[in-house]
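What follows is a short report on a single structure.
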Amino acid sequence: MGTEDAIKAEIEEMGRLTQEQEDILYNISLKQDELGRESTNLLMEKVKGSPIYEPMIEREYLTYDVFNHGGKHEIACLYVTLKGLRYCIMFADELAARRKVDAAGAPRQAS
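Residue numbers (the numbering used here): 5 to 115.
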C-alpha cells in the first residue's frame with residue numbers, strides 16, 4: 005500500500021502519469037466510489053502490453069481480475085487500488101477541473 009510520501013517519492017523518481025492515464029484512473033475511481041468496488045471491464049488484449057494501462061498496473065495504481073467464461077475473449081476487470089485512490093486524491097483539484105462534467109454529471113460552465 006502506497007502512502008502519500010511513497011507516492012510523492014515515486015513521482016519524483018518516475019514522473020506523474022500522463023494526462024490520459026490520470027483521466028482514466030480518476031474516472032475509474034469515481035465509478036468505483038459511486039458504485040462500490042464495481043470493476044471497469046475491457047478486453048484483456050486492450051490492457052496487456054498497452055502503453056496506457058500497463059504502466060498503471062506496474063506502478064500498482066490499477067489491478068485486475070481476468071474472466072473467460074469459455075469464450076474466445078478474456079475480459080480484464082480493472083480496479084483502482086488504494087494507492088491509485090491516494091494518487092487521485094493528491095491531484096483531485098487538478099483532475100476534477102479537467103473533466104467535461106461536474107460531480108453531478110452536469111456539463112461544466114466555461115470560465
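Glycine included, each C-beta is placed from N, C-alpha and C at the ideal position.
Own chain, CB closer than 7 Å to residue i, minus 5 neighbours either side, in chain order
{"i": "residue 89", "result": "33"}
{"i": "residue 15", "result": "none"}
Closest residue to residue i among the options (Cα-Cα distance)
{"i": "residue 46", "options": "100, 96, 69", "result": "69"}
{"i": "residue 56", "options": "29, 74, 110, 76", "result": "29"}
{"i": "residue 99", "options": "23, 17, 8", "result": "23"}
{"i": "residue 81", "options": "74, 97, 61", "result": "61"}
{"i": "residue 37", "options": "92, 105, 103, 97", "result": "92"}
Under the three-state DSSP convention, the category residue i falls into
{"i": "residue 110", "result": "coil"}
Beta-bridge partners of residue i, as assigned by DSSP
{"i": "residue 44", "result": "82"}
{"i": "residue 68", "result": "82"}
{"i": "residue 51", "result": "DSSP lists no partner for residue 51."}
CA-to-CA distance, residue j to residue i, given in whole angstroms
{"i": "residue 85", "j": "residue 101", "result": "22 Å"}
{"i": "residue 13", "j": "residue 20", "result": "11 Å"}
{"i": "residue 78", "j": "residue 48", "result": "5 Å"}
{"i": "residue 51", "j": "residue 112", "result": "30 Å"}
{"i": "residue 17", "j": "residue 44", "result": "29 Å"}
{"i": "residue 67", "j": "residue 54", "result": "14 Å"}
{"i": "residue 105", "j": "residue 31", "result": "11 Å"}
{"i": "residue 103", "j": "residue 96", "result": "11 Å"}
{"i": "residue 35", "j": "residue 83", "result": "10 Å"}
{"i": "residue 42", "j": "residue 75", "result": "22 Å"}
{"i": "residue 71", "j": "residue 26", "result": "25 Å"}
Contacting residues, own chain, Cβ-Cβ under 8 Å from residue i (five flanking each side not counted)
{"i": "residue 8", "result": "90, 94"}
{"i": "residue 73", "result": "none"}
Contacts around residue i, its chain only, beta-carbon distance under 6 Å, and the 5 residues preceding and following it disregarded
{"i": "residue 58", "result": "none"}
heavy atom of the ligand COA below 7 Å from residue i C-beta
{"i": "residue 104", "result": "Ligands in the displayed structure: none, and consequently the ligand COA is not present."}
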